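Counting from 1, one number per residue, gives the positions in the sequence shown under full-length UniProt numbering.
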Amino acid sequence: MREYSRPVRAEISSDAHLPDTVFARVVEEPDSVALRRQESGQWHDVTWREFGDDVARTAKALIALGIEHGDRVGLMSRTRYEWTVIDYAIWSAGAVTVPIYESSSADQIEWILSDSGSRAVFVEKPEHAERVRSVWESLPELGHIWEIEGAGLREFNESGSEVEDSTLRERRTAGDVNDLATLIYTSGTTGRPKGCELTHRNLLFTIYNTTMYGPLEELFSVQGRSTLLFLPLAHSFARIIQIGCIESRTVLGHFPTTGPELIDTLAVYKPTFLLAVPRVFEKVYNKAEQKAVSEGRGKIFKAAADTAVAYSRAMSSGRVPLGLRVKHAVFAKLVYGKILSAVGGQASHAVSGGSALGDRLGHFFRGVGLTIIEGYGLTETSAPTAVNSPQENKIGTVGAPFPGVTVRIADDGEVLCKGDHVMRGYWNNEKATKEAFDEDGFYRTGDLGSLDEDGYLSITGRKKEMIVTAGGKNIPPAVLEDRICGHAIVSQCMVLGDGRNFVSALVTIDPEAYEFWRQKHGKTGDIPDMVNDPDLLATVQEAIDDANAAVSRAESVRKFTILPRDFSEEGGEMTASLKVKRHVVAKQYSDEIEAMYA
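In structure tokens form, the structure reads like this:
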């Protein structure tokens, strides 16, 4: 058993609350810029006074409409300015925010609102309201549905015009730091989502010991710092960054999608650092490569990419040869600058989480000039547990525990953790809460990993997803899946082999990358027509070969099948946080799986 911890750097006051900072800034620096808001395609500054007024109006309306201290209030919307306003308003009213993904089905909405006992719910659009109304009869505690778009939020806020400032102040400062702040429901890959109880202490402890006095301090202290939040705020990763921006005076912008238009928006917004999941960085790389090939500069891009990777690896060794430095300087002018310009040209660092980035992609972006800092955590741990830093970034690891956190590796390889960032339990689920902690009070993450001599954590897979072949070989599928998905043509991959004689894989094709591939290879068919095309099979085989190079022969993928469509949340194969529901995929594609083992 190995264990590593760092001493806490910031203790949290017993009377602290998340909205305290907003109202303090309104007094201390009312005209300083707090956020930026996009309206009619233009970005406009929002001062602390304006943001504080918006939060206060919404909080007063909540109080006027009967929301009491400790009540749960749902929030179902894409990432937008109003999400942050409503979140802080709910806290200011002494209530508890219950995020819901805007893509959630009626059944998912019903479960979250009923299990949490939510008294009310904010929804972004009329179509969201209809989804809630379709299950309203089974939600006896739900009294209100409030819409955000159009005049909805403005009309809602008018309800609180008679509430005094003193009343809001009393409600905002009632209770203490251990009060519940939010219930975030897990994605539910293996069953009903569970509500993670995160307190004001959990969230403030995490923020202060990561962004203010911890490994990410450099990113959150740069002059003129800003970021654009485009991941769903219903996810704990984006949520903790939202809070970090408010606490650290980092100007925060919102964008509702990770679609193709995101790159153009980043170029205009010009953030000083990025927050994303690996798939976004893969898209940036693939788009740059495809553009170079289409312009007849494919060989130059490949040479530049190889140079960037080699340069980054040399940095890790502590010595960059002169010849490599010269090549790198040439490509910095010809290629790297254009890639950095695509994300605004101001960012030198990015934070990645949610899944593994991949060794080559990490080295590529650092070599280009955009250092991607990987971290690790779960909803149950207020997002992060371990994170790299700009100064000490070990590519291939997810960093060391941040100050105040202890990470332990159990005898079976499971990652355990302890600290004030860990939830107090699962809502209405005493049995699951008890099972989640060991006899020493460590939270059982369910992930497998290892600690190096410096306390840096590497994640090798999920304990429940471990494949045991017929020959008794234990294989963590994530090692193979992450490398296969790193290929431009691949969207999703699920590795199989439990109880089988060899390892196989189901692979889906990225639609955007396929269009480029199809033109390059002179093909006319759509993906469903091409699953057995020799050229497409050969391209996917390149991804398989790359993954197999990282494992032994007994662990390598021997056969694969290309599926006619991508995994999706709508199709039931993915969670809202983009995790593959392995049991669903195995059932839906049982015939294809059996054919590989026939």
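Every residue, glycine too, gets a C-beta built ideally from N, C-alpha and C. Treat the numbers as computed from the prediction; the structure is a model and nothing was measured.
Are there 16 or more other CB atoms within 10 angstroms of the CB of residue 401, so buried, or fewer, so exposed?
For the purposes of this step, residue 401 is identified with residue 401 of the sequence shown, where counting begins at 1. Its Cβ being crowded by 16 or more others within 10 Å, residue 401 is buried.
Could you give the distance in angstroms between the alpha-carbon of residue 511 and the alpha-carbon of residue 479?
Within the sequence shown, residue 511 is the residue found at index 511, counting from 1. Within the sequence shown, residue 479 is the residue found at index 479, counting from 1. In a straight line, the C-alpha of residue 511 is about 24 angstroms away from that of residue 479.
Find out if the Cβ-Cβ distance for the pair residue 457, residue 200 is shorter than 8 angstroms.
Residue mapping note: residue 457 aligns to position 457 of the sequence shown, counting from 1. Residue mapping note: residue 200 aligns to position 200 of the sequence shown, counting from 1. Contact flag unset, no.
As an exercise, report each continuous beta strand (DSSP E) stretch of at least 3 residues that is fully enclosed by the segment 455 to 537, in chain order.
457 to 462, 490 to 496, 503 to 509
Go ahead and label residue 488 buried or exposed: buried means 16 or more other beta carbons lie within 10 angstroms of its beta carbon, across all protein chains shown.
Taking the first residue of the sequence shown as 1, we reach residue 488 at position 488. Buried, because 16 or more other Cβ atoms sit within 10 Å of the Cβ of residue 488.
Hey, quick one: how far does the beta strand (DSSP E) through residue 418 stretch, first residue to last?
Working through the sequence shown from its first residue, we reach residue 418 at position 418. Per DSSP, residue 418 belongs to the beta strand (DSSP E) from 414 to 418.
Just how far apart, CA to CA, sit residue 203 and residue 240?
Position 203 of the sequence shown, counting from 1, holds the residue named residue 203. Position 240 of the sequence shown, counting from 1, holds the residue named residue 240. Answer to the nearest angstrom: the Cα atoms are 7 angstroms apart.
Hey, out of 569, 474, 462, 422, whose CA is closest to residue 184's CA?
Along the sequence shown, one-based indexing puts residue 184 at 184. Of the listed residues, the one whose Cα sits closest to residue 184 is 422.
Spatial distance of residue 175 from residue 34 (CA atoms)
What you label residue 175 is simply residue 175 of the sequence shown in a count that begins at 1. What you label residue 34 is simply residue 34 of the sequence shown in a count that begins at 1. Using only the alpha carbons, I get a separation of about 27 angstroms.
Is the segment 388 to 407 in contact with the segment 3 to 11, if contact means three or more CB pairs nearer than 8 angstroms?
yes
Top-ranked residue by Cα proximity to residue 380, from 273, 437, 369
Counted from its first residue, the sequence shown places residue 380 at position 380. The candidate whose alpha carbon is nearest that of residue 380 is 437.
Own chain residues within Cβ distance below 8 angstroms of residue 177, not counting five before or after:
On the sequence shown, residue 177 is found 177 positions in, with the first residue counted as 1. Same-chain partners within the cutoff: 12, 13, 14, 15, 16, 17, 199, 200, 201, 204.
Quick test of the definition: if touching needs 3 or more C-beta pairs under 8 angstroms, does the segment 96 to 103 touch the segment 59 to 68?
no
Need the endpoints of the beta strand (DSSP E) that residue 25 sits in, please.
The residue you call residue 25 lines up with position 25 of the sequence shown. No beta strand (DSSP E) holds residue 25; the alpha helix (DSSP H) holding it covers 20 to 28.
Pairwise C-alpha distance: residue 113 and residue 343:
Stepping through the sequence shown from its first residue, residue 343 is reached at position 343. Stepping through the sequence shown from its first residue, residue 113 is reached at position 113. If you draw a straight line from the Cα of residue 343 to the Cα of residue 113, it comes to about 38 angstroms.
Residue 207 to residue 246, Cα distance in whole Å?
Taking the sequence shown and counting its residues from 1, one reaches residue 207 at position 207. Taking the sequence shown and counting its residues from 1, one reaches residue 246 at position 246. Answer to the nearest angstrom: the Cα atoms are 10 angstroms apart.
Report the rounded CA-to-CA distance for residue 280 versus residue 371, giving the unit in angstroms.
In the sequence shown, counting from the first residue as 1, residue 280 sits at position 280. In the sequence shown, counting from the first residue as 1, residue 371 sits at position 371. Answer to the nearest angstrom: the Cα atoms are 14 angstroms apart.
N- and C-terminal bounds of the alpha helix (DSSP H) containing residue 611
The requested residue 611 does not occur in the structure, where the chain is confined to residues 1 to 598.
Label residue 492 either buried or exposed according to how many other C-beta atoms from any shown protein chain fall within 10 Å of its C-beta, with 16 as the threshold for buried.
Within the sequence shown, numbered from 1, the residue matching residue 492 stands at position 492. The residue in question, residue 492, is buried, as its Cβ has 16 or more Cβ neighbours within 10 Å.
If you follow the alpha helix (DSSP H) that residue 299 is part of, which residue opens it and which one closes it?
For this step, residue 299 is matched to residue 299 along the sequence shown. 298 to 317 is the extent of the alpha helix (DSSP H) around residue 299.
In this structure, does DSSP put residue 395 in helix, strand or coil?
In the sequence shown, counting from the first residue as 1, residue 395 sits at position 395. Three-state result, residue 395: coil.
Burial state of residue 594, where buried means 16 or more other Cβ atoms lie within 10 Å:
Mapped onto the sequence shown, residue 594 falls at position 594. Counting Cβ neighbours within 10 Å, residue 594 comes out exposed, since fewer than 16 surround it.
Please look up how many angstroms separate the CB atoms of residue 442 and residue 505, rounded, as I've assumed it's under 8 angstroms.
Against the sequence shown, residue 442 aligns to sequence position 442. Against the sequence shown, residue 505 aligns to sequence position 505. So it is not a contact: roughly 34 angstroms between Cβ atoms.
Go ahead and pull the three-state DSSP assignment for residue 269.
Residue mapping note: residue 269 aligns to position 269 of the sequence shown, counting from 1. In this structure, residue 269 counts as helix in the three-state DSSP scheme.
Bounding residues of the beta strand (DSSP E) (the contiguous stretch that carries residue 281):
Along the sequence shown, read from residue 1 onward, the residue named residue 281 stands at position 281. Run containing residue 281: none in the beta strand (DSSP E); it sits in the alpha helix (DSSP H), 278 to 294.
Which residues does DSSP pair with residue 574 in a beta bridge?
Residue mapping note: residue 574 aligns to position 574 of the sequence shown, counting from 1. Looking at the DSSP assignment, residue 574 forms a beta bridge with 580.
Contact test: residue 10 Cβ vs the ligand FAD heavy atom, cutoff 7 angstroms
As far as ligands go, the structure on display features none, and thus does not contain the ligand FAD.
Quick one: residues in its chain with C-beta nearer than 8 angstroms to the C-beta of residue 503, no 5 flanking neighbours on either side, listed in chain order?
For the purposes of this step, residue 503 is taken as residue 503 along the sequence shown, with counting starting at 1. Same-chain partners within the cutoff: 467, 469, 475, 480, 495, 496, 497, 555, 556, 557, 558.
Just to confirm my understanding: we take residue 542, look at its own chain, exclude 5 residues before and 5 after, and list those with CB closer than 7 angstroms. What are they?
Stepping through the sequence shown from its first residue, residue 542 is reached at position 542. Taken in chain order, the residues that qualify are 487.
Report back the beta-carbon spacing between residue 288 and residue 339 to the nearest angstrom; my notes put them in contact at under 8 angstroms.
As a working mapping, residue 288 is identified with position 288 in the sequence shown. As a working mapping, residue 339 is identified with position 339 in the sequence shown. Correct: roughly 5 angstroms between the Cβ atoms.
Measure the C-alpha to C-alpha separation of residue 336 and residue 368 and round it to an integer number of angstroms.
Counting from 1 along the sequence shown, the entry for residue 336 is found at position 336. Counting from 1 along the sequence shown, the entry for residue 368 is found at position 368. Their Cα atoms are separated by approximately 5 angstroms.
Residue span of the alpha helix (DSSP H) that contains residue 146, given as start and end:
For the purposes of this step, residue 146 is taken as residue 146 along the sequence shown, with counting starting at 1. Unbroken run through residue 146 is the beta strand (DSSP E), 144 to 147; no alpha helix (DSSP H).
Any chance the segment 386 to 396 sits against the segment 207 to 225, with 3 or more Cβ pairs inside 8 angstroms?
yes
Which listed residue (349, 571, 251) has its alpha carbon closest to that of residue 587
Here residue 587 refers to the residue found at position 587 when the sequence shown is read from its first residue. It is 571.
If distances are taken between C-alpha atoms only, which option among 550, 532, 534 comes closest to residue 483?
Position 483 of the sequence shown, counted from the first residue, corresponds to residue 483. For residue 483, the nearest C-alpha among the options comes from 550.
Can you give me the C-alpha to C-alpha distance between residue 170 and residue 93, rounded to a whole angstrom?
For the purposes of this step, residue 170 is taken as the residue at position 170 of the sequence shown. For the purposes of this step, residue 93 is taken as the residue at position 93 of the sequence shown. Their backbone Cα atoms lie some 9 angstroms apart in a straight line.
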